[in-house]
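The next block holds one structure in the form of structure tokens; read it before the comments.
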Amino acid sequence: MNQIPVAVLGATGSVGQRFISLLDNHPWFKVTALAASDRSVGQAYSKTCRWVLAEPMPDYARDMLVVPATPESFEAKIVFSALPADLAKELEPQFAKAGCAVCSNASSYRRADDVPLLLPEINADHIALVKEQRKLRGWSGCITTNPNCTSTGLTIALKALDDSFGVKKVFAVSLQALSGAGYPGVSSMDITDNVIPFIGGEEDKVEWEPRKMLGKLNGDKINLADIKFSAHTNRVAVIDGHTVCASVEFSQPIAPEAAIRAM
Numbered sequence: 002m003n004q005i006p007v008a009v010l011g012a013t014g015s016v017g018q019r020f021i022s023l024l025d026n027h028p029w030f031k032v033t034a035l036a037a038s039d040r041s042v043g044q045a046y047s048k049t050c051r052w053v054l055a056e057p058m059p060d061y062a063r064d065m066l067v068v069p070a071t072p073e074s075f076e077a078k079i080v081f082s083a084l085p086a087d088l089a090k091e092l093e094p095q096f097a098k099a100g101c102a103v104c105s106n107a108s109s110y111r112r113a114d115d116v117p118l119l120l121p122e123i124n125a126d127h128i129a130l131v132k133e134q135r136k137l138r139g140w141s142g143c144i145t146t147n148p149n150c151t152s153t154g155l156t157i158a159l160k161a162l163d164d165s166f167g168v169k170k171v172f173a174v175s176l177q178a179l180s181g182a183g184y185p186g187v188s189s190m191d192i193t194d195n196v197i198p199f200i201g202g203e204e205d206k207v208e209w210e211p212r213k214m215l216g217k218l219n220g221d222k223i224n225l226a227d228i229k230f231s232a233h234t235n236r237v238a239v240i241d242g243h244t245v246c247a248s249v250e251f252s253q254p255i256a257p258e259a260a261i262r263a264m
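Under our numbering, the first residue of the sequence shown is numbered 2, with each subsequent residue one higher.
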């Protein structure tokens, strides 16, 4: 089959690198453009990128020349955005106006009423918001977002439990790896032999995002799930992979075995 050309925005950062790795030998997509800041534009990707992932840089990306993060810089109409939130808020609408489908890792538009916060395993139907988004904003492209890394795993588990028993309250404690802080991330002096018991901005995301993802599509908006959340987020000295410890209150008594079967 003919592969679909795609671009990666913020290609030199750690999230951009993860996109590039995941898209290597993808059956549907072919990366045809790597976009980054002016500092990297015009250089071969391997020369300007400090690769931080454990796996090697894919061969296809090594000699690609980095282009500016503007819609005029490439022809791909699907864009994977690894831009920081402040830049994403400014630049992603420009790509949507130019007819691109923007798949954003940033938090900038997750709370917008007309922007789906997609976790396809549980809320693929929320993609219908794109039609309303195009009508409201007058563009032919779209912006879709993915959730915070901690919200993702937690919400997948909660979906199965909520469908089966009805979830009322969630108390969640996260143990989040260093990879979640990006590169260069957390100072070694801070994290060595230590736990950092607060991650700015994370608790609010973990308490709100699952309610949107578990909510019901109602015409041109999502009705947030009626679930109360309390979250405490911690940075721990683990390289990669987050852990969430959650206590869940249901609308009915259930046995642990029933919860296991539901998941």
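The beta-carbon is built from N, C-alpha and C at its ideal position, and this holds for glycine as well.
Keep in mind the model is a prediction, meaning the values are calculated, not measured.
request  = Determine the contact status of V168 and V245, defining contact as a CB-CB distance below 8 Å.
outcome  = no
Margin query: The alpha helix (DSSP H) that contains C101, what's its start and end?
Written below: Note, C101: premise wrong, no alpha helix (DSSP H); not H, not E.
N195: which of S108, V187, A89 sits nearest, CA to CA?
V187
Q | Cβ distance (whole Å) where F81 is taken to contact V131 below 8 Å | A | About 16 Å separates the two Cβ atoms, so there is no contact after all.
Practice problem: Using beta-carbon positions only, say whether T234 and E203 come within less than 8 Å of one another. | Solution: yes
Problem - For E122 and P265, the rounded distance between their alpha carbons - result: Since the first residue of the chain shown is 2 and the last is 264, residue 265 is not available in this structure.
### Query
Helix, strand or coil for Q44 per DSSP?
coil
Checklist entry - In the DSSP assignment, what are the bridge partners of I79? => result V7, A102
Endpoints, the beta strand (DSSP E) within which Q177 is located
168-177
* Asked: On the three-state DSSP scale, how would you describe L120?
  -> coil
- Three-state secondary structure (DSSP) at T71? coil
Under 8 Å between the Cβ atoms of S74 and A89? no
**OP:** Mind checking which residues open and close the alpha helix (DSSP H) that includes E56?
**Re:** Where E56 is concerned, there is no enclosing alpha helix (DSSP H), given that its DSSP letter is neither H nor E.
| request: Taking T33 and A77 to be in contact with their CB atoms under 8 Å, please state how far apart those CB atoms are, rounded to whole angstroms. | output: 5 Å
Notebook entry, point to check: If you run the structure through DSSP and keep just helix, strand and coil, what is A256?
Noted result: coil
Q | Identity of the residues DSSP links to H233 by a beta bridge | A | V174
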